[in-house]
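Heads up: the structure comes next, in structure tokens.
In my numbering, the protein residues as written are 118 to 655.
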């Protein structure tokens, strides 16, 4: 059991730090490049040094071959001591290993060791020069191993009469290569130092850009941020400094694709808001935007870095849902008010009945009870008989009482009939639409002494047909087409949402709403709404 627990809580191995990763990576790259550069440079320097030594030796050999003393000495015996002094002087002056002159038989006329003058030259690398060709070779004769160059000697008639051989000790060649090698080494060390300083500066810059976070910490925070954004019910959309969309969460996609038949994400109004914030740098709070039949409540703020605007982000939610919730709440409040009013009336009636009983006025008590029962049948009973949906019935009772409180009359036509409907969405939309129309009618008649609102609800063949009319001031002809647009209202600012939402919700269910009005005479709204009643015929 303990082993299982220890295994379950074993901490994960922490990834390598960014500074360590970058340092190792950059140093590996710089080291590999420097090693390769050193190898290539050393190879080139070695070849260049050897070529330089060879060219120097050839130049000395050619100069010696053209010397008149050499040409004259080759016509004399080897021990004539004409060439030896000149060869020794050249050897000393140019720090050579030897300068040897031979005739066409390979007999030495000069040598650092005068005792072997007159003897045959050692080494078959002399043969090409005896045949008139310059030659370069590495060989060893009497002295140390050397780089040996050979060049033919010609007389004034351009007839070969001998060979000049110049030798340079290989140790001197290696010494020159070593000097060049140290120059390369110092250059590489300086490059490595600069690379180290550059790596250190790069790590500092990266840490500053990444706000001191390690890559695995950034990855964890990014995943958490993505999970948080996708879980939000509010839409989130962000753009960079160039106006390109960099973030669009799931809720935003759903709202931006709503009622879009093409299936493509369209966010024109939101982009206009974002671009405005990018340009001005000022936040836009609680803005209402219409998009694809939705009413969005939007907040857009700039994203700043070191005082500069580097982007903008907008959060938005569907105000339609909020408005629907508020309308449902208003309906419930009206229903509660209606129940409270009915309860007070009921208590008053009980008090009247109790008083009549105490006074033993049985005749008056009988008449009062009959009148009360008749009023119940006229008001509440008639509504319950015609309106089978309890929610709609309670709603209408509340509106009737509200109309009475405001001094007006709300009447339900005798031919009205609303069967029960299990579809809560349709019931909610009906209550929303009727609530807006009745409230608008009561508001329109607020300057009148008296007024009446008439309501007809009739079900037929899967459709509920409603008519709401009033004898208020009516609607101006120029306003008929505009009353269903969001924000249009003759009541003042921050109004003009009710009819817009009513029309929108009806459209979503496949219903319609139209209006007829004659200014100063009447206003009548016609509503057609699908009604999933259990009854097939009305």
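Glycine is no exception: its CB is placed at the ideal position from the N, C-alpha and C atoms.
Cβ pair residue i, residue j closer than 8 Å
| i | j | result |
| --- | --- | --- |
| residue 150 | residue 316 | no |
| residue 170 | residue 285 | yes |
| residue 266 | residue 206 | no |
| residue 433 | residue 537 | no |
| residue 224 | residue 195 | yes |
| residue 579 | residue 647 | yes |
| residue 365 | residue 354 | yes |
| residue 309 | residue 427 | no |
| residue 395 | residue 419 | yes |
| residue 597 | residue 636 | no |
| residue 281 | residue 182 | yes |
| residue 174 | residue 314 | no |
| residue 482 | residue 473 | yes |
| residue 524 | residue 558 | no |
| residue 331 | residue 134 | yes |
| residue 287 | residue 255 | yes |
| residue 387 | residue 412 | no |
| residue 203 | residue 184 | yes |
| residue 576 | residue 478 | no |
| residue 231 | residue 201 | yes |
CB-CB length for residue i against residue j, believed under 8 Å
| i | j | result |
| --- | --- | --- |
| residue 570 | residue 619 | Wrong, their Cβ atoms sit about 16 Å apart, outside the cutoff. |
| residue 547 | residue 581 | 7 Å |
| residue 574 | residue 535 | 5 Å |
| residue 425 | residue 417 | That pair is no contact at about 18 Å. |
| residue 279 | residue 220 | 5 Å |
| residue 572 | residue 626 | So it is not a contact: roughly 20 Å between Cβ atoms. |
Selection from the options that minimises the alpha carbon distance to residue i
| i | options | result |
| --- | --- | --- |
| residue 631 | 586, 637, 648 | 586 |
| residue 414 | 397, 369, 513, 574 | 369 |
| residue 356 | 650, 431, 279 | 431 |
| residue 633 | 594, 210, 623 | 594 |
| residue 326 | 423, 145, 481 | 423 |
| residue 212 | 229, 218, 629 | 229 |
| residue 639 | 319, 584, 617 | 584 |
| residue 172 | 251, 421, 367 | 251 |
| residue 349 | 402, 521, 642, 367 | 367 |
| residue 600 | 421, 554, 373, 568 | 554 |
| residue 404 | 398, 436, 304 | 436 |
| residue 508 | 565, 541, 227 | 541 |
| residue 222 | 210, 239, 216 | 239 |
| residue 641 | 561, 566, 567 | 561 |
| residue 271 | 342, 218, 168, 340 | 218 |
DSSP-derived helix/strand/coil call for residue i
| i | result |
| --- | --- |
| residue 575 | strand |
| residue 220 | strand |
| residue 648 | coil |
| residue 394 | helix |
| residue 433 | strand |
| residue 284 | strand |
| residue 228 | coil |
| residue 423 | coil |
| residue 636 | coil |
| residue 565 | coil |
| residue 471 | helix |
| residue 254 | strand |
| residue 610 | Confidence at residue 610 is low in this model, with a pLDDT of 48, below 50, so the placement of that residue is unreliable and no value is reported for it. |
| residue 348 | helix |
| residue 599 | coil |
| residue 630 | strand |
| residue 262 | coil |
| residue 412 | strand |
| residue 177 | helix |
| residue 589 | coil |
| residue 167 | helix |
| residue 318 | helix |
| residue 378 | With a pLDDT of 47 at residue 378, under the threshold of 50, the modelled position of this residue cannot be trusted, and the question is left open. |
| residue 329 | coil |
| residue 199 | coil |
| residue 233 | helix |
| residue 239 | coil |
| residue 556 | helix |
| residue 525 | coil |
Sufficient close CB pairs (3 or more, under 8 Å) joining the stretch 530-545 to the stretch 498-507: Contact between the stretch 530-545 and the stretch 498-507 is present, because at least three Cβ pairs lie under 8 Å.
The stretch 242-251 in contact with the stretch 183-202 per 3-pair CB rule at 8 Å: No contact exists between the stretch 242-251 and the stretch 183-202.
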